[in-house]
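K.L.:
Here numbering that gives the first Met the number 0 is used: position 89 in the sequence shown is 88, and no number is missing along the way.
This is the structure I want to talk about, given as structure tokens.
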Amino acid sequence: MTDAVTEIAITGETSYTVTIGRGVVDRVPEALGDRVAKVLIVHTPTVGKFANDLREQLQERYTQVLLAEVPDAESAKRVEVAAFCWQILGQSDFTRTDAVIGLGGGAVTDLAGFVAATWLRGVRLVQIPTTVLGMVDASVGGKTGINTSEGKNLVGSFYAPAAVICDLDLLQTLPRNEILAGFAEVAKCGFIAEPEILDILERDVDRATDPTTPEFQRVVELAVGVKARVVSEDFREGGLREILNYGHTLGHAIEHAERYQWRHGVAISIGMMYAAELGRLAGALSDEAVDRHRRILTSLTLPLAYPAGRWPGLLATMQRDKKARAGMLRFIVLDEIGKPRVLAGVDESMLQFAYQEIAS
Ligand code: GLY
0 MTDAVTEIAI TGETSYTVTI GRGVVDRVPE ALGDRVAKVL IVHTPTVGKF ANDLREQLQE
60 RYTQVLLAEV PDAESAKRVE VAAFCWQILG QSDFTRTDAV IGLGGGAVTD LAGFVAATWL
120 RGVRLVQIPT TVLGMVDASV GGKTGINTSE GKNLVGSFYA PAAVICDLDL LQTLPRNEIL
180 AGFAEVAKCG FIAEPEILDI LERDVDRATD PTTPEFQRVV ELAVGVKARV VSEDFREGGL
240 REILNYGHTL GHAIEHAERY QWRHGVAISI GMMYAAELGR LAGALSDEAV DRHRRILTSL
300 TLPLAYPAGR WPGLLATMQR DKKARAGMLR FIVLDEIGKP RVLAGVDESM LQFAYQEIAS
């Protein structure tokens with residue numbers, strides 16, 4: 000098991016490195032490069048102390064280092080919050096050679112990415128995720144965006160960071176349920192492409208989910224490796240990248256039904272259980288592989304079921320989802336562990352039948 004610093008390269012249309020290790024936040028100046036004079040750190044109140052420490056550290060090198068404290072979670076992803084950041088950049092005369100740092104969970108790195116992408120048509124961006132979800136999913140791959148009252152991520156752009164720095168020491172104070180919810184995306188990478196993740200979770204889930212262990216570092220590296228391979232091949236989601244949406248078609252509908260009060264991974268866990276049942280009904284996924292989903296998600300204390308009566312509302316939401324193309328619902332299903340494919344144009348009765356398997 001690794002405990003050293005690992006660098007994972009993103010290649011293709013964009014090129015940058017994801018650094019994973021302990022204490023690696025020291026590498027921020029290296030990631031910012033020599034041309035930067037001013038830095039804006041966009042962060043949440045939860046990581047306020049760390050943002051202050053980072054500011055003090057960077058102040059020795061840069062002309063100006065500013066903090067923009069934004070609300071936690073999805074409340075950060077609003078146009079008013081982006082405008083607040085643009086105002087700070089404007090009032091401090093940030094130029095094209097200055098930089099933005101996103102420091103926080105997935106919502107903050109999405110917002111910071113959007114601000115960096117839009118300020119003067121794009122300034123340098125360094126992402127420092129401080130949650131498991133942020134490390135293995137949101138901060139890697141260059142999706143940036145904000146929500147509107149009509150839906151999530153409706154405004155945004157693909158904008159690659161200059162670097163992503165995953166300092167595992169930043170996770171040590173994260174609440175346990177936050178870590179476990181983030182592991183839904185880690186398990187997702189195991190199901191779609193990297194069975195070693197599943198083996199490590201099955202061997203000792205407590206060690207695998209404890210941020211101080213080498214097992215934890217290994218599963219984060221493997222999950223980032225999956226994401227890196229996918230986005231290196233398909234940055235703009237023209238094809239392969241869609242496999243990262245495993246569990247997300249129903250999962251997003253559940254998040255919507257719960258008015259975005261649930262953690263993303265909690266909804267995605269139910270969505271993956273549903274996708275597994277659909278994969279079995281569609282003819283290929285074995286009973287054993289479906290049971291493996293159940294065992295692993297249960298070991299992470301993630302939910303597997305949703306109330307039976309909610310199906311009509313979920314179906315209506317899924318039909319509106321932006322992933323529905325030409326009126327057709329699309330799901331990622333597995334033929335076996337590690338073999339994902341798109342399932343489109345499925346009969347509504349089959350969709351409902353799969354739902355009955357997870358209905359509580
Ligand atoms: N979160 C899925 C993606 O980055 O494509």
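No residue lacks a Cβ here, since even glycine has one placed at the ideal position from N, Cα and C.
Express the C-alpha separation of valine 122 and lysine 37 in angstroms, rounding to a whole number.
P.N.:
If you take the alpha carbons of lysine 37 and valine 122, they lie about 11 Å apart.
K.L.:
Would you be able to state if there are at least three C-beta pairs under 8 Å between the stretch 194-204 and the stretch 236-250?
P.N.:
The stretch 236-250 is not in contact with the stretch 194-204.
K.L.:
Quick test of your reading: leucine 39 and phenylalanine 93, contact by CB under 8 Å. State the CB separation rounded to the nearest angstrom.
P.N.:
Rounded, the Cβ-Cβ distance is 7 Å, consistent with contact.
K.L.:
Would glycine 32 pass as a contact of alanine 161 if the rule is Cβ separation under 8 Å?
P.N.:
For glycine 32 and alanine 161, yes; Cβs fall inside 8 Å.
K.L.:
Under 8 Å by Cβ, that's how I've got alanine 222 and glutamate 184 pegged, so tell me the actual separation to the nearest angstrom.
P.N.:
Correct: roughly 7 Å between the Cβ atoms.
K.L.:
Please state if the CB of threonine 18 and the CB of cysteine 165 are separated by a distance shorter than 8 Å.
P.N.:
A contact, by the Cβ cut-off of 8 Å.
K.L.:
Rounded to whole angstroms, what's the CA-CA distance from glycine 224 to isoleucine 7? Just pull it up for me.
P.N.:
Answer to the nearest angstrom: the Cα atoms are 7 Å apart.
K.L.:
I need the straight-line Cα distance from aspartate 168 to arginine 319, nearest angstrom please.
P.N.:
In a straight line, the C-alpha of aspartate 168 is about 40 Å away from that of arginine 319.
K.L.:
Taking the beta carbon of tryptophan 348 as the centre, do at least 16 other beta carbons fall within 10 Å, making it buried, or is it exposed?
P.N.:
Note that residue 348 is serine in the sequence shown, not tryptophan. With fewer than 16 Cβ atoms within 10 Å of its Cβ, serine 348 is classed as exposed.
K.L.:
Between the beta-carbon of isoleucine 357 and the beta-carbon of tyrosine 245, is there less than 8 Å?
P.N.:
No.
K.L.:
The alpha helix (DSSP H) with tyrosine 259 in it runs from where to where?
P.N.:
Taken as a continuous stretch (DSSP letters only), tyrosine 259 belongs to no alpha helix (DSSP H), as it is neither H nor E.
K.L.:
Decide yes or no for the touch test of the stretch 89-103 against the stretch 129-143: beta carbon pairs closer than 8 Å, at least 3 of them.
P.N.:
Taking 8 Å as the limit for Cβ pairs, the verdict is that the stretch 129-143 does touch the stretch 89-103.
K.L.:
Taking 7 Å as the cut-off, is the CB of glycine 140 close to at least one heavy atom of the ligand GLY?
P.N.:
Yes, since a heavy atom of the ligand GLY falls inside the 7 Å radius drawn around the Cβ of glycine 140.
K.L.:
Between alanine 98 and aspartate 346, what straight-line distance do the alpha-carbon atoms span, to the nearest angstrom?
P.N.:
Whole-angstrom Cα-Cα distance: 49 Å.
K.L.:
For the stretch 71-87 against the stretch 139-149, are there 3 or more C-beta pairs whose distance is under 8 Å?
P.N.:
Yes: the two stretches touch, three or more of their Cβ pairs being nearer than 8 Å.
K.L.:
Taking 8 Å as the cut-off, decide whether the C-beta atoms of glycine 371 and alanine 266 are in contact.
P.N.:
Limits of the chain in this structure are 0 at one end and 359 at the other, which puts residue 371 out of reach.
K.L.:
Going by DSSP, name the residue or residues bridged to arginine 340.
P.N.:
In the DSSP output, where bridge partners are listed per residue, arginine 340 has Val332.
K.L.:
If I measure Cβ to Cβ from valine 332 and keep anything under 6 Å in the same chain, skipping five residues before and after, which residues do I get?
P.N.:
For valine 332, where only same-chain residues beyond five positions count, the Cβ hits under 6 Å are Ala274, Leu277, Gly278, Ala281 and Leu342.
K.L.:
Using CA coordinates, which residue listed in Glu12, Thr5, Val4 and Ala3 is at the minimum distance from glutamate 232?
P.N.:
Of the candidates Glu12, Thr5, Val4 and Ala3, the one whose C-alpha sits nearest the C-alpha of glutamate 232 is Glu12.
K.L.:
Where leucine 179 and leucine 299 are concerned, what is the direct C-alpha to C-alpha distance, given to the nearest angstrom?
P.N.:
Cα to Cα, the separation comes out at about 6 Å.
K.L.:
Identify every run of the alpha helix (DSSP H) within the stretch 166-209, keeping only runs that are complete inside it and at least 4 residues long; order them along the chain.
P.N.:
Listed in chain order, they are 175-191, 194-202 and 204-207.
K.L.:
To the nearest angstrom, how far is it from the Cα of tyrosine 61 to the Cα of threonine 5?
P.N.:
Those two C-alpha atoms are separated by around 27 Å.
K.L.:
Using a threshold of 8 Å, state whether the C-beta atoms of phenylalanine 190 and isoleucine 336 are closer than that.
P.N.:
Yes, Cβ-Cβ distance for phenylalanine 190 and isoleucine 336 is below 8 Å.
K.L.:
Closer than 7 Å to a non-hydrogen atom of the ligand GLY - does that hold for the CB of leucine 31?
P.N.:
Outside the cutoff, so no.
K.L.:
So, at 8 Å on beta carbons, what are the nonlocal neighbours of glycine 22 in its own chain, with the 5 sequence-adjacent residues on each side left out?
P.N.:
Cβ within range, chain order: Asp166 and Asp168.
K.L.:
Rounding to the nearest angstrom, what Cα-Cα distance links leucine 301 and serine 268 in this structure?
P.N.:
The alpha-carbon atoms of leucine 301 and serine 268 are separated by roughly 6 Å.
K.L.:
Would you mind working out which of Arg120, Phe330, Tyr354 and Ala353 sits nearest glycine 344, comparing C-alpha positions?
P.N.:
It is Phe330 whose Cα lies nearest to the Cα of glycine 344.
K.L.:
Cutting at 8 Å between CB atoms, please list the residues of its own chain near tryptophan 261, excluding the five before and the five after it.
P.N.:
Around tryptophan 261: Ile253 and Glu254.
K.L.:
Out of Leu296, Ala227 and Thr45, point me to the one whose CA is closest to threonine 16's CA.
P.N.:
Out of Leu296, Ala227 and Thr45, Ala227 has the C-alpha closest to the C-alpha of threonine 16.
K.L.:
Report the partner residues of arginine 291 according to the DSSP bridge assignment.
P.N.:
Partner(s): none; arginine 291 has no beta bridge.
K.L.:
Can you tell me whether glutamine 126 is buried or exposed, with buried defined as 16 or more other CB within 10 angstroms of its CB?
P.N.:
With 16 or more other Cβ atoms within 10 Å, it is buried.
K.L.:
Nearest by alpha-carbon distance to proline 306: which of Leu296, Gln351 and Asp286 is it?
P.N.:
For proline 306, the nearest C-alpha among the options comes from Gln351.
K.L.:
Is glutamate 236 close to the ligand GLY? I mean its beta-carbon at under 7 Å from any heavy atom of the ligand.
P.N.:
The answer is yes for glutamate 236.
K.L.:
Rounded to whole angstroms, what is the Cα-Cα separation between leucine 235 and phenylalanine 157?
P.N.:
The residue asked about is misnamed: residue 235 is arginine in this sequence, not leucine. Spanning the two alpha carbons is a distance of roughly 7 Å.
K.L.:
Is leucine 132 a contact residue of the ligand GLY, with contact defined as CB to any heavy atom under 7 Å?
P.N.:
Leucine 132 Cβ: outside cutoff for every heavy atom of the ligand GLY.
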